[in-house]
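A quick write-up on the structure given underneath.
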Amino acid sequence: MDTILVKIFATALALSEVVTQPQAVKTHFDPLKDQDEVVQILRNGCAHMKQAFDIESINLDDLIATALDDPEAVGADIKAFHGLNFTDLNTAYHQFCKGDDETVANPVVDLGQVIEFFNSAAAELPDHTQLKTKILPGMSTVLDSRDQTYAEVFEPGNRRIWAPLDDIPDDVQKAFIAAEDRRFFQHHGVDERGIIRAFIGNLGGDGRPQGGSTITQQVVKNLLVGSDVTYERKIREMLVASRLEDTLSK
38 MDTILVKIFA TALALSEVVT QPQAVKTHFD PLKDQDEVVQ ILRNGCAHMK
88 QAFDIESINL DDLIATALDD PEAVGADIKA FHGLNFTDLN TAYHQFCKGD
138 DETVANPVVD LGQVIEFFNS AAAELPDHTQ LKTKILPGMS TVLDSRDQTY
188 AEVFEPGNRR IWAPLDDIPD DVQKAFIAAE DRRFFQHHGV DERGIIRAFI
238 GNLGGDGRPQ GGSTITQQVV KNLLVGSDVT YERKIREMLV ASRLEDTLSK
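Below, the structure written as structure tokens:
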């Protein structure tokens, strides 16, 4: 059984939930009893992502066919895709995404293992509500008798000066959103179109892999789930980001 594909589809399960049913995200499934439910969630996610691919004028089936014919043409030499068997990925794609009318004779992914990996990654998620009152270390300014700055006191790496959102110019806010997460006000914590753009960008370049993370995901990564580069962290990040969008306003 291909471990990488198990992790990929466990991550796809988390993604499918947060983009198709953000108000009803589950973090635990029975590896035997809930297989039909999980397959339906994955298929719903696939249908949703295919619509997003269409918006970006990309034919997903053609992209997969190209990968099978010429893996180098879609970045098989890029670090992010090392160890991935494109033929097995295509089989798994048909297994989970093509609907009940198409049967895969020899499945390459054990759905029970996908569920178990997802359950393990999604267990004991950090409390996202703590961000409502969280105050990060900042800089303190010591004034003299004439109210002039005498000294600035701060811990290394925490030279922050806090300012209300209303004090930040509107153009600065718009520039930040344009650079970091241009669909910030349209998504629910995870932006499928941003993921697609990052995926295509990774196919075309050999630099640092793009992640397609939203501002919400970056906050969750930096303050709650950590930044280790694993499928487990990405699953946790997406689930907590979706929850955070229900807790804090944009």
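All letters in the sequence shown, in the order written, are residues 38 to 287 by my numbering.
Every residue gets a Cβ at the ideal spot worked out from N, C-alpha and C, and that includes glycine.
All figures in this text were calculated on a predicted structure; none of them were measured in a lab.
### Message
Less than 8 Å between the beta carbons of P68 and E153, yes or no?
### Response
As a first step, residue 68 must be located in the sequence shown, where it is residue number 31. As a first step, residue 153 must be located in the sequence shown, where it is residue number 116. Between P68 and E153, the C-beta gap is smaller than 8 Å, which places the two residues in contact.
### Simplified DSSP state of E189, which is helix, strand or coil
Along the sequence shown, one-based indexing puts residue 189 at 152. Three-state result, E189: strand.
#### Entry: Best match in Q210, A212, G231 for proximity to R220 [C-alpha to C-alpha]
In the sequence shown, the residue the question calls residue 220 occupies position 183. Of the listed residues, the one whose Cα sits closest to R220 is G231.
### Query
Who does L79 pair with in a DSSP beta bridge?
Taking the sequence shown and counting its residues from 1, the one referred to as residue 79 is at position 42. None, per the DSSP bridge assignment.
### Task
With a floor of 4 residues, list each alpha helix (DSSP H) that falls wholly inside the segment 195–228, ordered by position along the chain.
Within the segment 195–228, the alpha helix (DSSP H) runs of at least 4 residues that lie entirely inside it are, in chain order, 207–217.
### Task
Taking 8 Å as the cut-off, decide whether the C-beta atoms of A158 and A47 are in contact.
Here residue 158 refers to the residue found at position 121 when the sequence shown is read from its first residue. Here residue 47 refers to the residue found at position 10 when the sequence shown is read from its first residue. Cβ atoms of A158 and A47: closer than 8 Å.
### Task
Starting from the Cα of G249, find the closest Cα among K271, L50, K135 and give me that residue.
Mapped onto the sequence shown, residue 249 falls at position 212. Minimum Cα distance to G249 is reached at K271.
### Message
Would T17 and G226 qualify as a contact pair, given that the criterion is a beta-carbon distance under 8 Å?
### Response
Outside the displayed span of the chain (38 to 287) sits residue 17, for which this structure offers no information.
### Task
Inspect the beta-carbon positions of L5 and T64 and report whether they are closer than 8 Å.
What the structure shows of the chain is the stretch from 38 to 287, and residue 5 is not part of that stretch, so it cannot be assessed.
### Message
Checking 8 Å against the spacing of the C-beta atoms, do Q150 and V43 come in under that value?
### Response
If you number the sequence shown from 1, residue 150 lands on position 113. If you number the sequence shown from 1, residue 43 lands on position 6. Yes, the pair counts as a contact, with Cβ atoms nearer than the cut-off.
### Query
Can you pull the DSSP bridge partners for N178?
On the sequence shown, position 141 is the one that residue 178 refers to. Here the sequence assigns Thr to residue 178, which means Asn is not the residue at that position. Beta-bridge partners assigned by DSSP to T178: E189.
### Query
In whole angstroms, what is the alpha-carbon distance linking Q185 and V179?
If you number the sequence shown from 1, residue 185 lands on position 148. If you number the sequence shown from 1, residue 179 lands on position 142. Cα-Cα distance, rounded: 8 Å.
### Message
Let's see if you can read the secondary structure: which residues bound the alpha helix (DSSP H) around S53?
### Response
Along the sequence shown, one-based indexing puts residue 53 at 16. Counting along the chain, the alpha helix (DSSP H) containing S53 begins and ends at 40–57.
### Message
For L281 and R183, I'd like the C-alpha separation in whole angstroms.
### Response
Reading the sequence shown from its first residue, position 244 is the one you call residue 281. Reading the sequence shown from its first residue, position 146 is the one you call residue 183. About 44 Å.
### Supposed close pair V76, L276 - CB separation, criterion 8 Å
To locate residue 76, count along the sequence shown from 1; it is residue 39. To locate residue 276, count along the sequence shown from 1; it is residue 239. Wrong, their Cβ atoms sit about 19 Å apart, outside the cutoff.
### Message
Can you tell me whether H131 is helix, strand or coil according to DSSP?
### Response
As a working mapping, residue 131 is identified with position 94 in the sequence shown. The answer is helix: DSSP assigns H131 an H, G or I state.
### Query
Nearest CA to the CA of E229: which residue from I172, F90, N81, I45?
Working through the sequence shown from its first residue, we reach residue 229 at position 192. E229 has its Cα closest to that of F90, out of I172, F90, N81, I45.
### Query
Would DSSP call H65 helix, strand or coil?
By one-based count along the sequence shown, residue 65 stands at place 28. Collapsing the DSSP output to three states places H65 in coil.
### Extent of the continuous alpha helix (DSSP H) run through E153
Mapped onto the sequence shown, residue 153 falls at position 116. If you look at E153, you'll find it in the alpha helix (DSSP H) that goes 148–159.
### Query
Could you give the distance in angstroms between the alpha-carbon of P201 and the alpha-carbon of Q72?
Start at 1 with the first residue of the sequence shown, and residue 201 comes out as number 164. Start at 1 with the first residue of the sequence shown, and residue 72 comes out as number 35. Spanning the two alpha carbons is a distance of roughly 47 Å.
### Query
Roughly how many whole angstroms lie between the Cα atoms of R273 and D218?
Locating residue 273 in the sequence shown gives position 236, counting from the first residue. Locating residue 218 in the sequence shown gives position 181, counting from the first residue. Using only the alpha carbons, I get a separation of about 20 Å.
### Message
Under DSSP, the alpha helix (DSSP H) around Q255 begins and ends at which residues?
### Response
Here residue 255 is taken as the residue at index 218 of the sequence shown, counted from 1. Note, Q255: alpha helix (DSSP H), 252–257.
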